[in-house]
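Before any comments, here is the structure.
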Amino acid sequence: MDKKYEPLYLGSAYYPEDWDVSEMPKDIAKMKEMGMNVARMAEFAWAKMEPEEGKFDFKWLHDAVDMLAANGIKSILGTPSATPPRWLSVMYPDVFYIEADGNPRSHGGRRDCCSNNPHYRYYSARIAEEMAKEFGNDENVIGWQIDNEIYSWTGCFCPECLRKFQLRLKEKYKTIENLNKEWELNCWSQKYDSFNDIPSPRGTWHNPNLCFEWYCFHNESHIDFLKMQADILRKYTKAPIGSDCMPLNGLDYEKIAEFSDVIQYNHYNTKENLWVTNFWFDYLRNLKDRPFWNTETATCWNGGTALHQSIKPEGFCRVNSFMPVALGGEANLYWLWRTHQAGHELVHGGVLYSNGRPYHVINEVMDTTEILKKSTEFIRETKVDTKVALHFTSKNWNMFLSQALTDGFKYIDHLTEDAYKPLVKAGVRPDVIGAKADLSKYDVVFSPFMMTLEDGNLPENIKSFVENGGTWVAGPMTDIRTWCGTNYTKSAYGILEEITDAYRLYQIPDFDNIIKAKWADGEEFTGTSLYDVYEETEGTLASITAGHSALINKPIMVKKSYGKGTVYLLGTIPGEKDMIKLIKMVLKEKNIKPMEFEGGVTAVKRIGENKNGIILIENAAENASFTLEKKMKDILSGEIYEGKISLTPYQILVLEEI
Amino acid sequence: MDKKYEPLYLGSAYYPEDWDVSEMPKDIAKMKEMGMNVARMAEFAWAKMEPEEGKFDFKWLHDAVDMLAANGIKSILGTPSATPPRWLSVMYPDVFYIEADGNPRSHGGRRDCCSNNPHYRYYSARIAEEMAKEFGNDENVIGWQIDNEIYSWTGCFCPECLRKFQLRLKEKYKTIENLNKEWELNCWSQKYDSFNDIPSPRGTWHNPNLCFEWYCFHNESHIDFLKMQADILRKYTKAPIGSDCMPLNGLDYEKIAEFSDVIQYNHYNTKENLWVTNFWFDYLRNLKDRPFWNTETATCWNGGTALHQSIKPEGFCRVNSFMPVALGGEANLYWLWRTHQAGHELVHGGVLYSNGRPYHVINEVMDTTEILKKSTEFIRETKVDTKVALHFTSKNWNMFLSQALTDGFKYIDHLTEDAYKPLVKAGVRPDVIGAKADLSKYDVVFSPFMMTLEDGNLPENIKSFVENGGTWVAGPMTDIRTWCGTNYTKSAYGILEEITDAYRLYQIPDFDNIIKAKWADGEEFTGTSLYDVYEETEGTLASITAGHSALINKPIMVKKSYGKGTVYLLGTIPGEKDMIKLIKMVLKEKNIKPMEFEGGVTAVKRIGENKNGIILIENAAENASFTLEKKMKDILSGEIYEGKISLTPYQILVLEEI
Amino acid sequence: MDKKYEPLYLGSAYYPEDWDVSEMPKDIAKMKEMGMNVARMAEFAWAKMEPEEGKFDFKWLHDAVDMLAANGIKSILGTPSATPPRWLSVMYPDVFYIEADGNPRSHGGRRDCCSNNPHYRYYSARIAEEMAKEFGNDENVIGWQIDNEIYSWTGCFCPECLRKFQLRLKEKYKTIENLNKEWELNCWSQKYDSFNDIPSPRGTWHNPNLCFEWYCFHNESHIDFLKMQADILRKYTKAPIGSDCMPLNGLDYEKIAEFSDVIQYNHYNTKENLWVTNFWFDYLRNLKDRPFWNTETATCWNGGTALHQSIKPEGFCRVNSFMPVALGGEANLYWLWRTHQAGHELVHGGVLYSNGRPYHVINEVMDTTEILKKSTEFIRETKVDTKVALHFTSKNWNMFLSQALTDGFKYIDHLTEDAYKPLVKAGVRPDVIGAKADLSKYDVVFSPFMMTLEDGNLPENIKSFVENGGTWVAGPMTDIRTWCGTNYTKSAYGILEEITDAYRLYQIPDFDNIIKAKWADGEEFTGTSLYDVYEETEGTLASITAGHSALINKPIMVKKSYGKGTVYLLGTIPGEKDMIKLIKMVLKEKNIKPMEFEGGVTAVKRIGENKNGIILIENAAENASFTLEKKMKDILSGEIYEGKISLTPYQILVLEEI
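Protein chains in written order, with our numbering: chain U, 1 to 658; chain R, 1 to 658; chain A, 1 to 658.
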């Protein structure tokens, strides 16, 4: 190599505050020995950094950063707001999150304070600022993480949250009359005379529009809390800032991206759902024009005071460690370096046991450092390349939470299982994109399960995308609710009837039965879940063959032109075979050549100015195959491959065109 | 027809307050087009009728009643107490129902206020009175519904409820010594020194007698709340008054009947349990000497923010719509006319979608209007006829809630599955009757699962019924508890040992095993659930053949004479085959000829002064057959039938003797 | 017999306070007729004994004791603190237990007051003292039971409990710095500045060390409450004192034994888990040098307001009644004599129904009185004899509750199923022993699932036991946590690596898979659950054959010498076949001859100065066999047996060497 590339990072979460200082040299020596080049610290160490109110101690952390640096290991520092010290809640017992039953949380866990509480916010900001002053210019600190795994489930029910919620509604709806009208609150005499009268959604069967706003509000409160810290950090540092979030998009990643420099992501997937990480990585890489960090994953298992998951098989650790980098990241960090001596997570796998001895997967960890070193130039010189996008929006996540359409329907599960998986099986590596993404760079956009499209300029953007020649595959369950979650009353959809001449006759929420239909070519077609039935029309792709006589022969999937482009309108979730058939039909029309493979292969085409290639990772612990279009060389082994090649379980090939 | 008959009614719940006024003419025109002749309104429109405290607006409702009338559609009006406006709970936050955990309910749902709260009662009464003043003499208002689906589950735990509960106990038990004695509260040092010391049953494993009284109290509080409104309405109107209740008899329908003019009933049964509606209709028609109203049912599915049920198959809507009329009602109303634009129930089927387009079952709705028109004369000229009754009492409903006898034993499920279903299969259309029903008109009365018989004059009525020649089939699990739910200590039963010479040796609560026994004729007999074993005696019908040696050869079912009549005493739940054998034996003795059919047939003999006939409805979506005793003509098709005839799935025949 | 032996006791719980006085002579006459010689009374009769604050009435109880005595029946009296009268909670509403959600319990159940509440304690002590004054010298009162089935689940959350908990931690940890250090509370900024800041574990995901101390604290509070009463009773009586506890060892039986004269035990096992009673009896007999009392069991079924269990088959009652005596007890009492007339437990089997008629198992009860009479001399002259012990400690019970290691892992279930059952199947009748037991009288001690060994002097005692030649079978999951539940950081264990040269490489919490391994002799070996893997070493008994390559050929079970003795170190739970093989190997080395039998046999060797013999009880309701080493005579039938003999279902043989 004649050029110096930024390294790819492998490391782990390291908690020097939890160990006697005498352990530090030993621990760091072992990190170095394993080839690690990054450590993530301080995220829970508030009490160590501010042992008494206003009394700060950062020496121990300087020592750690410095000793790591001396051993070639960079530091990422976390602000510690997830775990305030006990003195804060003793001073201000009101800092605690209030559960729906009115009971407060308590000291001793994590994220038990309310992000809207002014005392908690003041002290969280102050410790972040003090850290930033200390380490903002430290060149060995290569990044900042704000808080840890912040997320809202039902939301805090403290008085501060209720008041802020009411103010947020006021800001959004302007007048109470408008809110009453948008939510149609004549129904059930629900209407309010004042924003001050709106309750938090507990204690009864609450309005889904209220619940939806409540979920959004709480996630936005968290984002506001993170942004407050980001703004402080930025005053003192040029290192990239982010917050390590989980596979939970109710907390809007697009909004996180706005104030972040680097997307940080934690996951604990297992053998069974490793492929789902690909969905998330295909999403994360598009959020910022900078490789993301996989800030947490387990080496071999995940647990707390008890094990909750299966043990991962041999090879998993290696593959799981490289996957984020292959798909657009630049770092992988394990949680955690060394199993704690005490506390809530003694049954969690790490790199070392609490007694300092390595876990049985140590060789896989060390393999990964080699793979990353050998791949650095290829990764740094190329980017993932695709012309196909799949929508995945935070707004729909929260709207499905507030109105599931059927008992237990989960947006993420259906999106990955019914749309993403068939796309991948059809040979596509899609970009997964949020509501704000630029559509113009794609040829095809898939938008299933988008209960509402009314999210910023999305309706206009989609129309413009299709007008200009794009292919939009819409539905099922797409465009059926307004921006705040109500039904359309003039049409069946927001824009779908407007931009096509499809006329929806019926919407039938049949989640129990297989919907029997046939393709226009006569082949059998099956669907599941809520389905929309159209008036007979040109461009029918599939029509119903069984069930209520009112439905027979009615279209359930149609294809329509709009401007220079095409809209595919799916009235139901096609079975996997039919979805793949549809995808291949669409790709062919757009002259997109799918990749050819059998089995569980993560195949990632990467294109650069000087280099092109493809990464292949077997992800299902089974044998697989892939058909190369060109002769290629595996950077890891130096071997040359061409044509149809075999992949062994958990094999990794980093293939460069030659 | 040379005589003018009152029409049969088909219609739906209509919420004009939820729509722009411009939608009303369109909606009403469509109702008329479909042949609908009734609409149910205003049940949730309190905020629209009283937008500010003491300021009333009924113009919009007059407009609706008038426009409906102009299109030949009558109105049923509901008092809106189920959904008070927000200003009431802002003025009086104490109106809310308090959960067992001490948390109040909240605004935004339904029935979230406490029926005992004086503020809520005052304002509920006032709005009802204002409505009555406005519409009491409106000839187009053909009926009144009070509140909506009122019911008590665990009951409200507010201070008002506790105090009223204590006062009710005082009224019932007179002295605290008496209550201590009746409940035998020396046990566990439970006894009270004052009615004021009695707690509501929360926070511990409470006494079942206390729980029983609590359940009864809360249902009675609701009934008192309804009656208060009925008394007000009656001052201003001659139209029939009722309250639309659900298939939940903890709220005593016999007490509801006392202050009601017409029984109103809501149900959402599905393909699988459609037959259970027959049980309820066989009950409802006996509560008043006036046909009941089926005030709510779904056209095609039932849901809230999510679907909870399966989609109903073709033909279901038609059959489900006619069923209540065939079995003694005169009206069927769908919930709802047009799916809401917003709120909690967007995934609920109606007649029109929120965009005004019809659901796919529209033809079934319109068929029903035809069927009802053609059947009017026959229905109006005849009544359901039977000599067999089956007991079903509210007191036992609540007593089983307080002491289930076995984990999860449900009175209604066993009564319908183990008694009603075999009766129907044996060819009987029973009257299902409450504790106060006159027994003298029946030849046979079945009383299974009547944990207590001590309900008003029931023991005397039963004795007198048997003395005068009636056949009483008692048990299993009947007469085993006193009026307040305690055990008998001098005998095994209240009256059963007194009026027979059966001597119960053992009662064994074996719910897990099949009890093996044999009939006196040697045929195998099986039973399930708690069983009573008798001393060997004359009249033994079945005796035990397996199990503990102390039980072998002991009778488990006996037949005894009392007065001119006969008592069958069932010690266990016979298997279906054996129950049918027993029923046929009893019918034969009483010279009651059962109907003959195969499959899921709702067969209803109707007798009148001028007309006789039988309605046959296939209710299981399968083929069936029925053997007619006489030649008959189907009023719907004009076809003549005789002998054994076939029925197709969901077929309806309204057969008149010719 | 030329010697007078203390009788063995059969009787029941008797509640004269719940019945009209006229019933007493009839009830007692029936007891006498059945051969009963003991009755247990007064445990819930506080309100009867102290109807008003400070006004005592014991006449009724004297009458009962005296009338029983006149009929040859002794009395055991219970202090009534489990059910205080209503006047106490009216005077002091603060007496109630507070649930985790902040809601208090209520009057009307049992054990609803807080054992730490000063008002409750004061009045509990006073009524106990008054009873003791009255009956302390009554020679017909042969024993005292304090309270009833006291136990702590999540524990009371009242302010008194929190303060006492903090004080207890202060007493135990001395300084807050020490507590912070022992629990390593730098982790997650958990550390406390004062004992006053430590919360009760509710409202968040709490530290397992905190939870563990909380569980221990609450059980200790109960013990303190019992001891307070024991101290009072002892001032007035010489009769043996105890408290009837349940099969729940979180409430430390060893501590109960310290202030008790006689161990009292309640159980409600069924056909399916009857064998588990043997485990408990094998434990109970070692707690005091005096036969224990089985104070409660059901004759035929167990229920409350509903049945929760299956009905017991014929023969069960007899076997279940004799079992405790065979295994080291001297009394068996049924709960209850006569089913209540009212209240929470009407569906519970007894000796008489509430109407005074006997249950169907009456003959089994009367058989038992005969069996006990005939066995008296043999039982009184002999004791259970064994050289093998199995550890079962209260500390581990509570520690597993606070950190389960895997979802739903239950200490008692694994201990009985994976260790006790194979021991019994291998022909061993073990003593089950607590942490304080003297090990010197055993040849072999099994210590599986002892998460921590640090319990008093246990580590030293074990070391000394092995040094002196004992065989210790340790693990799996043994010695892996410190005394307060944290991880070891210098070694993998507390003492196991110290006293052997085994070096643990890995600990893998794999609860899902079967661990495949092989014995040193090549035979297949399987294991389950969390497993420890050792460095290859001499003395390997089994090593891994499948899984991650890092594990292949690594030992999973090793045998090591220490002093004159031997340590078997189990890294996993062997499958039953392998566990039995191991046990037999160990027995052979120690020249312990196992008993030989097939099927579900409770075999109890009993040795005395003048008599030796063996009791055989078929406990699985199936045919079985046993091979006698010597010729013996059955005391019950007088028959002579030798060699391999057959046992019929539920057969009992009391065999004496001849």
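For glycine and all other residues, C-beta sits at the position ideal for the given N, C-alpha and C.
None of the values given here were measured: they were computed from a predicted structure.
Bridge pairing for Tyr334 of chain U: U:Ser12 [DSSP]. Per the coordinates, the alpha-carbon of Ala42 of chain R lies some 17 Å from the alpha-carbon of Gly350 of chain R. Around Ile615 of chain A, the same chain offers Ala326, Val604, Val654 as residues with beta carbons nearer than 6 Å, after the five sequence neighbours per side are excluded.
Think of a sphere of 8 Å around the beta carbon of Ala45 of chain R: the chain U residues whose beta carbon falls inside it are Asn186, Ser189, in chain order.
Counting along the chain, the unbroken beta strand (DSSP E) around Asn266 of chain R starts and ends at 264-266. When A:Ala624, A:Ala437, A:Ala502, A:Val361 are compared, the shortest CA-CA separation from Leu570 of chain A is found for A:Ala502. Judged by their CB atoms, Thr452 of chain U and Trp483 of chain U are nearer to each other than the 7 Å cut-off. If you compare the alpha carbons of U:Gly608, U:Gly203, U:Leu352, U:Val558 with that of Val586 of chain U, the shortest gap goes to U:Val558. Chain-ordered, the chain R residues with CB closer than 9 Å to the CB of Trp87 of chain A read Asp193, Asp197. Between the C-alpha atoms of His62 of chain A and Leu68 of chain A there is a straight-line separation of about 10 Å.
Note that the C-beta distance between Thr295 of chain A and Leu8 of chain A is not below 7 Å. Distances from the alpha-carbon of Asp418 of chain U to those of U:Gly456, U:Asn363, U:Pro459, U:Gly475 put U:Gly475 closest. Looking at U:Ala520, U:Pro313, U:Trp293, U:Ser124, the one whose alpha-carbon comes closest to that of Ala546 of chain A is U:Pro313. Interface with chain U (7 Å Cβ-Cβ cutoff): Thr175 of chain A is excluded. Under the 7 Å criterion on CB atoms, Gln341 of chain U is classed as interfacial with respect to chain A.
Across the set A:Asn196, A:Asn103, A:Gly539, the C-alpha of A:Asn196 shows the shortest separation from the C-alpha of Ser89 of chain U. One Cα belongs to Leu415 of chain A, the other to Pro448 of chain A, and the distance between them is close to 7 Å. Taking the CA atoms as reference points, Lys611 of chain U sits about 18 Å from Gly329 of chain U. With fewer than 16 other CB atoms across the displayed protein chains lying within 10 angstroms of its CB, Val21 of chain A is exposed.
The beta carbon of Gln166 of chain A does not come within 7 Å of any beta carbon belonging to chain U, so the residue lies off that interface.
At least one CB of chain U lies nearer than 7 Å to the CB of Arg105 of chain R. Around Glu134 of chain R, the same chain offers Phe58 as residues with beta carbons nearer than 7 Å, after the five sequence neighbours per side are excluded. Here Ala389 of chain R is buried: its Cβ has 16 or more other Cβ atoms, across all protein chains shown, within 10 Å. Between the segment 288-306 of chain A and the segment 434-449 of chain A there are fewer than three C-beta pairs closer than 8 Å, too few to call the two in contact. With respect to chain R, the C-beta atom of Asn355 of chain A has a partner C-beta closer than 7 Å.
Secondary structure at His222 of chain U: helix, using DSSP grouped into helix, strand and coil. Taking C-beta atoms as the reference points, Cys158 of chain U and Cys114 of chain U count as a pair closer than 7 Å. With fewer than 16 other beta carbons inside 10 angstroms of its own, Asp512 of chain R counts as exposed.
Proximity of His308 of chain A to chain R, defined by a Cβ-Cβ separation below 7 Å, is satisfied. Under the DSSP assignment, Tyr506 of chain R falls in the beta strand (DSSP E) whose first and last residues are 504-508.
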